[in-house]
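Right, one structure below, let's go through it.
Residue numbers (the numbering used here): 1 to 216.
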């Protein structure tokens, strides 16, 4: 049974309503995900969403590294950022097999905004990071990454590339599945990804209604 995993860490702009909206989109547009799981340090009671406590106090985006902990899920697992809007047939996300979104700015590099694997296949990424998080959170720990902010996806890309296990990109495997948010696009989808400062709660129509579950 495919599992959709997301991470909600307190102290930022996201709250449980973001989990609820992502879950609503998944149930409507990617029903193959029989399980939706949220790793969080907050009180969360969203129907149909399982919660798992975060174990570490890793700040900001680094909390996403806990998605690779062993034993969280069997079968196909997809890590999905909370600011993703599912607004059309997104069933291809749940297809088995490793895959990652290609970074919007850095071609050829992985993004953890959408990342797919099987079972415990990425446990080694978690183990390596957890063994010395201060090292891996330090800029330069993965060598030079031009024009990029050092974050979780830089480390994941580095570790998988070093092991010769960089997954294929979703854009190549499933052409037309991903759509990067553009306020001029009146027919977005099916999976709308937000880059930089743009977020669904600031988006215009039709994304504003799609995100709140009031359209399509």
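Idealized CB from N, CA, C, for every residue including glycine.
Do residue 217 and residue 85 have their C-beta atoms closer together than 7 Å?
-> Because residue 217 is not part of the residues shown, which for the chain are 1 to 216, the question remains open.
Using DSSP bridges, identify the partner residues of residue 41.
-> Answer is none; residue 41 lacks a bridge partner.
Proximity winner among 96, 73, 72, 60, relative to residue 81 (alpha-carbon distances) = Among 96, 73, 72, 60, the Cα nearest to that of residue 81 belongs to 60.
Examine the ligand GTP and report whether any of its heavy atoms sits within less than 6 Å of the Cβ of residue 152.
-> The ligand GTP is absent from the structure shown, which contains no ligand whatsoever.
Jot down the residue ranges of each uninterrupted beta strand (DSSP E) in the segment 116 to 183, minimum 3 residues, whole runs only, in chain order.
-> DSSP runs (the beta strand (DSSP E)) wholly in the segment 116 to 183: 178 to 180.
Can you tell me whether DSSP reads residue 98 as helix, strand or coil?
-> Residue 98 falls in the coil class under three-state DSSP.
Bridge partners of residue 207, per DSSP?
-> Answer by DSSP bridge pairing: none, since residue 207 is not bridged.
Starting from residue 5 and walking both ways along the alpha helix (DSSP H), at which residues does that stretch end?
-> The continuous stretches of alpha helix (DSSP H) do not include residue 5, which lies in the beta strand (DSSP E) extending over residues 3 to 8.
Would you call the segment 152 to 167 and the segment 187 to 207 touching, i.e. three or more CB-CB distances under 8 Å?
-> No contact exists between the segment 152 to 167 and the segment 187 to 207.
Inter-residue CB distance, residue 5 and residue 73 (contact presumed, cutoff 8 Å) | With 8 Å as the limit, residue 5 and residue 73 qualify as a contact, their Cβ atoms being about 7 Å apart.
Is it true that the segment 63 to 77 meets the segment 116 to 123, where meeting means three or more beta-carbon pairs spaced less than 8 Å apart?
-> With the cut-off at 8 Å, the segment 63 to 77 and the segment 116 to 123 touch.
If you draw a straight line from the alpha carbon of residue 69 to that of residue 205, how long is it in whole angstroms?
-> Rounded to the nearest whole angstrom, the CA to CA distance from residue 69 to residue 205 is 37 Å.
Chain-order list of residues whose beta-carbon lies under 8 Å from that of residue 118 (same chain, five-residue window excluded) = Here the set comprises 75, 76, 77, 96, 97, 98.
Would you report the Cα separation of residue 178 and residue 132, rounded to the nearest angstrom?
-> In this structure, the alpha-carbon of residue 178 lies about 34 Å from that of residue 132.
Cross-strand partners of residue 22 (DSSP beta bridge) | As DSSP reads the structure, residue 22 sits in no beta bridge.
Neighbourhood of residue 216 by C-beta distance below 7 Å, restricted to the same chain and skipping five residues each side = Any reading at residue 216 must be qualified, since the residue scores a pLDDT of 46, below 50, and its modelled position is unreliable; no value is offered.
For residue 51, which beta-bridge partners are listed by DSSP?
-> Beta-bridge pairing links residue 51 to 38.
What is the DSSP secondary structure of residue 93, counted as helix, strand or coil?
-> Note: residue 93 maps to helix in three-state DSSP.
Whole beta strand (DSSP E) elements within the segment 57 to 94, 3-residue minimum = With a minimum length of 3 residues, the continuous beta strand (DSSP E) runs that stay inside the segment 57 to 94 are 76 to 80.
Would residue 222 be called buried (16 or more neighbouring beta carbons within 10 Å of its own) or exposed?
-> This structure leaves residue 222 out entirely; the chain is present only between 1 and 216.
In terms of alpha-carbon separation, which member of 152, 23, 66 lies closest to residue 110?
-> Comparing Cα positions, the closest option is 152.
Rounded separation between residue 162 and residue 143 - CA only = CA-CA distance, residue 162 to residue 143, rounds to 12 Å.
Would you mind working out which of 197, 195, 186 sits nearest residue 207, comparing C-alpha positions?
-> Looking only at 197, 195, 186, the smallest Cα-Cα distance to residue 207 is reached by 186.
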